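**Student:** Okay, handing you the structure first.
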Amino acid sequence: MSARHTPRGPPDIYIAVGTIVTRDKEHMDQDPNLDIEKAFSIDFPVDHVEDACREDTKPDYRRTTVTAIDTDNKDILALFGYDQNSKPTADDLIYYTYLRIGVEGLCALSSFKVEDQAWGGDHDQALFAIFKHILQDGDGVMWVEHDPVAKELFVRVDRSKIVSHGKLSIGRMLCKIHIWRSTADVNACRPFYEALSAVDDEYEIWRQIVVSKPQPRWKFVQPNTFLKDDGTVELRDYEVNNVGIIESFFERKI
Numbered sequence: 001m002s003a004r005h006t007p008r009g010p011p012d013i014y015i016a017v018g019t020i021v022t023r024d025k026e027h028m029d030q031d032p033n034l035d036i037e038k039a040f041s042i043d044f045p046v047d048h049v050e051d052a053c054r055e056d057t058k059p060d061y062r063r064t065t066v067t068a069i070d071t072d073n074k075d076i077l078a079l080f081g082y083d084q085n086s087k088p089t090a091d092d093l094i095y096y097t098y099l100r101i102g103v104e105g106l107c108a109l110s111s112f113k114v115e116d117q118a119w120g121g122d123h124d125q126a127l128f129a130i131f132k133h134i135l136q137d138g139d140g141v142m143w144v145e146h147d148p149v150a151k152e153l154f155v156r157v158d159r160s161k162i163v164s165h166g167k168l169s170i171g172r173m174l175c176k177i178h179i180w181r182s183t184a185d186v187n188a189c190r191p192f193y194e195a196l197s198a199v200d201d202e203y204e205i206w207r208q209i210v211v212s213k214p215q216p217r218w219k220f221v222q223p224n225t226f227l228k229d230d231g232t233v234e235l236r237d238y239e240v241n242n243v244g245i246i247e248s249f250f251e252r253k254i
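So in UniProt numbering, spot 199 of the sequence shown is number 199, and the numbers just go up one at a time.
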């Protein structure tokens, strides 16, 4: 499976916290000065939407979905150093966020068990449901191109429709789930969510392509902070490789 920002290259993909290593050849051709190797990573995984219909739901679903909705808020992005002069720019970051929604929605299909008609993984069902909702409700903001010969999938995003269609689509979904959760209306929520979670027709074809081309698991390298004798705090980074992971855990003394 491939997508316009799917990580490629070495067998192992190392990701420092706060940074996602990506490649977007088409965009690089448009802007050769764009340093997309430092594209910001939005924390999008969410709890199962079905949980949001129950009284014991966790707050992660609403919090992270609201994050996706607020991705285009440039005042917030500016607080983290992203504007029209940064690399990537604020507009690029918004675009990457929607590409990631599409790619993660497709990758989530790898945990769907056809025999049991059940989902594995912690967040995959919700990721796929949100992705499918945008495909069906987003009026062309996102679509998937399927190359049956090469057995490849390409996620496409229309930049011009991200705010006018993509954001509104996510908002409609969140509004419904929030109302149903607040009123404990499981009977309304369940058919809505189950329809979005169904893997049939073209989605089953996509699933077969995804599972036939498994992606390497990401490895996270975390920095550590150290309180020095003079009262200052040192932030220590590590190399993005296996040695860096070991050093990070060793110096954390856990």
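We put the beta carbon where it would ideally sit given N, CA and C, even for glycine.
On a predicted model such as this, the values are computed, not experimentally measured, just so you know.
(1) By alpha-carbon positions, which one of ALA129, MET142, VAL199 and ASP237 ends up nearest to ASP116?
(2) DSSP has THR225 in a bridge; who is on the other side?
(3) Can you list, in chain order, the residues of its chain whose CB lies under 6 Å from that of LYS151, leaving out five sequence neighbours each side?
(4) Just the Cα atoms here: how many angstroms apart are ASP43 and TYR95?
(5) Indicate whether LEU153 and HIS146 have their beta-carbon atoms separated by less than 7 Å.
(6) Between ASP124 and the rest of its own chain, which residues show a CB-CB distance below 6 Å, the 5 nearest in sequence each way excluded?
(7) Would you decide whether THR71 is buried or exposed? Buried here means 16 or more other CB atoms lie within 10 Å of its CB.
(8) Taking GLU115 as part of the beta strand (DSSP E), name the residues at either end of that continuous run.
(9) Which residue or residues does DSSP assign as beta-bridge partners of HIS123?
(10) To the nearest angstrom, how far is it from the Cα of ASP237 to the Cα of PHE192?
(11) Return helix, strand or coil for LYS213, following the three-state DSSP convention.
(12) How is VAL157 classed by DSSP in three states: helix, strand or coil?
(13) Touching or not, the segment 85-94 and the segment 126-140, by the rule of three or more beta carbon pairs under 8 Å?
(14) Who does MET173 pair with in a DSSP beta bridge?
(15) If we ignore side chains and look at the alpha-carbon of each, how far apart do VAL240 and ILE254 end up?
(16) Out of LYS161, SER86, ASP75 and ASP122, state which residue places its alpha-carbon closest to the alpha-carbon of TYR98.
(17) Please state if the CB of ILE69 and the CB of GLY171 are separated by a distance shorter than 7 Å.
(18) Using a Cβ-Cβ cutoff of less than 6 Å, which residues in the same chain neighbour LYS74 once the five nearest sequence positions on both sides are dropped?
**Tutor:** Looking at the atomic coordinates:
(1) If we check each option's Cα against that of ASP116, VAL199 comes out closest.
(2) THR225 is bridged by DSSP to LEU235.
(3) For LYS151, where only same-chain residues beyond five positions count, the Cβ hits under 6 Å are ILE209.
(4) Residue placement at ASP43 cannot be trusted, given a pLDDT of 36 that sits under 50; the coordinates are not used to answer.
(5) Contact annotation: LEU153 and HIS146 have beta-carbon atoms nearer than 7 Å.
(6) Answer for ASP124: ALA108 and SER111, listed in chain order.
(7) Label assigned to THR71: buried.
(8) No beta strand (DSSP E) holds GLU115; DSSP gives it neither H nor E.
(9) HIS123 is not bridged to any residue.
(10) Near 45 Å, if we compare the C-alpha coordinates of PHE192 and ASP237.
(11) Correct three-state label for LYS213: coil.
(12) Looking at VAL157 - three-state DSSP - the assignment turns out to be strand.
(13) Too few Cβ pairs lie closer than 8 Å, so no.
(14) Bridge pairing for MET173: absent [DSSP].
(15) VAL240 and ILE254: Cα-Cα distance of roughly 20 Å.
(16) The shortest Cα separation from TYR98 among LYS161, SER86, ASP75 and ASP122 belongs to LYS161.
(17) Yes, Cβ-Cβ distance for GLY171 and ILE69 is below 7 Å.
(18) Once the five neighbours on either side are set aside, the close Cβ partners of LYS74 are ALA90.
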